[in-house]
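Quick note on numbering: the sequence shown equals residues 14 to 436 in our numbering.
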Amino acid sequence: MVNMLQVGILRKLQIGMLIFGLAMGVVFPVYARFFVEFKPGMQNWFNLGCLLAGIAVGVFSYALVKLILLRELLKIASACRQVSQGDLQVSVDVRSPDAIGEIVGGFNGMTDDLRALLINIGDGVHKLKAVSDTLSALSGRLATTLDEQSGGLSQISSATHQASVTISDMSDSLTATAGFSTDIKHQAERTASLLLASDATMTETARSLARIVDSMSALSQQSKEVVAILAMIDGISRQTNLLSLNAAIEAARAGEHGKGFATVATEVKKLAEGSAESTKKIARIVSELRAGVDGAMKEMGHHSHQTEALRASISESTRAIQEILSNVNRIGEKIESLANASLEQKAAYGSISNSMEGIHSAFSEITNSSREATRESRIVREFADQLMRILGRFKTGKDNGNMSPAPVASVKTPLAKGEIHVH
14 MVNMLQVGIL RKLQIGMLIF GLAMGVVFPV YARFFVEFKP GMQNWFNLGC
64 LLAGIAVGVF SYALVKLILL RELLKIASAC RQVSQGDLQV SVDVRSPDAI
114 GEIVGGFNGM TDDLRALLIN IGDGVHKLKA VSDTLSALSG RLATTLDEQS
164 GGLSQISSAT HQASVTISDM SDSLTATAGF STDIKHQAER TASLLLASDA
214 TMTETARSLA RIVDSMSALS QQSKEVVAIL AMIDGISRQT NLLSLNAAIE
264 AARAGEHGKG FATVATEVKK LAEGSAESTK KIARIVSELR AGVDGAMKEM
314 GHHSHQTEAL RASISESTRA IQEILSNVNR IGEKIESLAN ASLEQKAAYG
364 SISNSMEGIH SAFSEITNSS REATRESRIV REFADQLMRI LGRFKTGKDN
414 GNMSPAPVAS VKTPLAKGEI HVH
């Protein structure tokens, strides 16, 4: 038995029309019996004639359908073959206000839409190729630039880290220097206090030396007066000695009566001689004392000048120490400010170092992404070239550049499954 699914539509239509004609040839004799009486022996010939007439009607109907309908359908089939060969400029010139006209209009609209779609796809593929080429070039340049910048960032990061270490060392040094400055300040304060105390002591010493010099000057003046008194006593002793000599002479003249007076004169002479000797000793002692006092006064004067000079030097040293103390205070404040600033710089460089590490990581990610974008753009270009080769077999009436026909592998699948023949 022939499978009807393997029979063509035209064959089905032909068979159907023949069956319809035969059915009419069979039914018509039966129907005619109600109206016609046949001569003896003519009914069989009438039945045969009806069958032949039915067959003729079926054949004529098929020929008429083929002449009127199938000729137009063949135009559609020819256009479909041209479309299947890639010619989208074809159109079917059939006008009919019925389903055939709707089919033809739908076919022509489909080819127009498909042609416009392929033109748009071609333009899009051209743009996609241009964009992919630009993206590939930009990604390549970006990757190269990022590689170069990554090396620079590595150097900057290393320099930043080194600067951070240097700032840290400088901060530690400034902190230690601030401690030394504080110690120097304390030492300067103690030195200033000692110099102030020494200045006060030297001032009091100078005053004491001045009083001693005044006392020695008074003592020297008094020793002069003592010398004058001793000179007067020496004169009195000489006069007394002279008087005792005169008395002894007079006692000798008096004889026995003058013995007692002679004894007194002798004693007075001895006393005068003792007084003269004592006066000489006292004069010598006073002279030596005066010489010592004069020497002491000169020495005291010299020491007084030295003490005054030392006091002035101590005063000048005190002022210098106070100035140094003031400078040390200012230096300490500046060092403290520098130490605080260095701590801030240390924190800032630490933050910069972290940021540079983040930027370096971001650059690495961007470099990898740009390389991935380059690979993806190459894949997109290959896909665009493949699309261009596929689109190149279609005729759309527009110059598509590289859309020239190129042989593509033929893939055939059944139309019943909704798939397309691609050559």
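By construction, the Cβ of each residue, glycine as well, lies at the ideal position given by its N, Cα and C atoms.
When you compare only the Cα positions, how much space is there between residue i and residue j?
i, j, result
"Ile197", "Thr173", "35 Å"
"Ala231", "Ala296", "18 Å"
"Gly273", "Ala244", "31 Å"
"Ala304", "Ser317", "19 Å"
"Asn413", "Lys79", "Interpretation of Asn413 is limited by its pLDDT of 48, a score under 50 that renders its predicted location unreliable; the figure taken from the coordinates is listed afterwards. Roughly 41 Å between the two C-alpha positions."
"Ile298", "Leu208", "43 Å"
"Asn415", "Asp146", "Reliability of the predicted coordinates at Asn415 is poor, the pLDDT of 44 falling under 50, and the value obtained from them is presented with this limitation in mind. Each residue's alpha carbon lies about 15 Å from the other."
"Lys359", "Glu336", "33 Å"
"Gly405", "Thr387", "26 Å"
"Arg394", "Asn367", "40 Å"
"Arg251", "Glu321", "50 Å"
"Lys440", "Ala69", "Because the chain in this structure spans residues 14 to 436, residue 440 falls outside the shown range and cannot be described."
"Ile344", "Thr190", "10 Å"
"Val144", "Glu161", "25 Å"
"Lys294", "Gln235", "17 Å"
"Ala333", "Gln200", "14 Å"
"Ala36", "Gln399", "58 Å"
"Phe396", "Ser181", "57 Å"
"Thr204", "Ile169", "50 Å"
"Leu18", "Lys25", "With a pLDDT of 49 at Leu18, under the threshold of 50, the predicted position of this residue should be treated as unreliable, though the coordinate-derived value follows. Distance between the alpha carbons of Leu18 and Lys25 is about 10 Å."
"Ser206", "Glu357", "37 Å"
"Ala419", "Pro110", "Any reading at Ala419 needs caution, since the residue's pLDDT is 36, under 50, leaving its predicted position unreliable; the model's value is listed next. Their backbone Cα atoms lie some 40 Å apart in a straight line."
"Gly287", "His315", "41 Å"
"Glu449", "Leu338", "It is not possible to answer for residue 449, since the shown part of the chain is limited to 14 through 436."
"Cys7", "Met55", "Residue coverage of the chain in this structure runs from 14 to 436, which leaves residue 7 outside it and unanswerable."
"Ala112", "Ala150", "55 Å"
"Ala66", "Glu85", "28 Å"
"Asn60", "Ala45", "10 Å"
"Val341", "Ser350", "14 Å"
"Asn133", "Ile403", "14 Å"
For residue i, which residues in the same chain have their Cβ closer than 8 Å to its Cβ, ignoring the five residues on either side in sequence?
i, result
"Ile225", "Met313"
"Asn121", "Ser104, Val105"
"Arg108", "Gly114, Val117"
"Val240", "Ala296, Val299, Ser300, Arg303"
"Thr188", "Ala352"
"Thr195", "Gly345"
"Ala219", "Ser317, Thr320, Glu321, Arg324"
Buried or exposed: which applies to residue i, given that a residue is buried once 16 or more other Cβ atoms fall within 10 Å of its Cβ?
i, result
"His434", "Here His434 scores only 34 on pLDDT, less than 50, and its place in the model should not be relied on; the value that follows carries that caveat. So His434 ends up on the exposed side."
"Leu324", "Per the sequence presented here, residue 324 reads as Arg, with Leu not at that position. Its Cβ being crowded by 16 or more others within 10 Å, Arg324 is buried."
"Ser364", "exposed"
"Lys142", "buried"
"Val43", "exposed"
"Gly192", "exposed"
"Ile439", "Shown here, the chain extends from 14 to 436; a query on residue 439 therefore has no answer."
"Val49", "exposed"
"Ser355", "buried"
"Met229", "buried"
"Met30", "buried"
"Gly7", "Lying before the first or after the last residue shown, residue 7 is absent from the chain, which here runs from 14 to 436."
"Val138", "buried"
"Gly371", "exposed"
"Ala264", "buried"
"Val178", "exposed"
"Ala3", "Residue 3 is absent from the structure shown; the chain starts at 14 and stops at 436."
"Val40", "exposed"
"Thr119", "Before going on, a small fix: residue 119 reads as Gly here, not Thr. Burial call: exposed."
"Met401", "buried"
"Ser171", "exposed"
"Leu38", "Just to set this straight, residue 38 is Gly in the shown sequence, not Leu. Under this definition Gly38 is a buried residue."
"Ser390", "buried"
"Ile262", "exposed"
"Ile81", "exposed"
Take residue i and list the residues in its own chain whose beta-carbon comes closer than 7 Å to its own, dropping the five residues that flank it on each side.
i, result
"Phe33", "Gly71"
"Ser233", "Arg303, Val306, Asp307, Met310"
"Asp247", "Ala289, Thr292"
"Leu285", "Note that residue 285 corresponds to Ala in the displayed sequence, not to Leu. Same-chain partners within the cutoff: Ser250, Thr253, Asn254, Ser257."
"Leu222", "Met313, His316, Ser317, Thr320"
Leaving out five residues on either side along the sequence, give the residues of the same chain with a beta carbon under 6 Å from the beta carbon of residue i.
i, result
"Ser374", "none"
"Ser211", "Ile327"
"Met183", "Ser355"
Any heavy atom of the ligand MN closer than 8 Å to the Cβ of residue i?
i, result
"Gln98", "Ligands displayed in this structure: none; no statement on the ligand MN is therefore possible."
Is it the case that the segment 319 to 331 contacts the segment 203 to 218, given that we only count it when at least three CB pairs across the two stretches are under 8 Å? Enough Cβ pairs lie closer than 8 Å, so yes.
Decide yes or no for the touch test of the segment 153 to 160 against the segment 373 to 388: beta carbon pairs closer than 8 Å, at least 3 of them. The answer is yes - the segment 373 to 388 touches the segment 153 to 160, with three or more Cβ pairs under 8 Å.
With contact counted as at least three CB pairs below 8 Å, one residue from each stretch, are the segment 88 to 100 and the segment 113 to 127 in contact? Enough Cβ pairs lie closer than 8 Å, so yes.
Taking only runs of the alpha helix (DSSP H) that begin and end inside the segment 299 to 369, which ones reach a length of at least 4 residues, in chain order? Qualifying alpha helix (DSSP H) stretches: none in this window.
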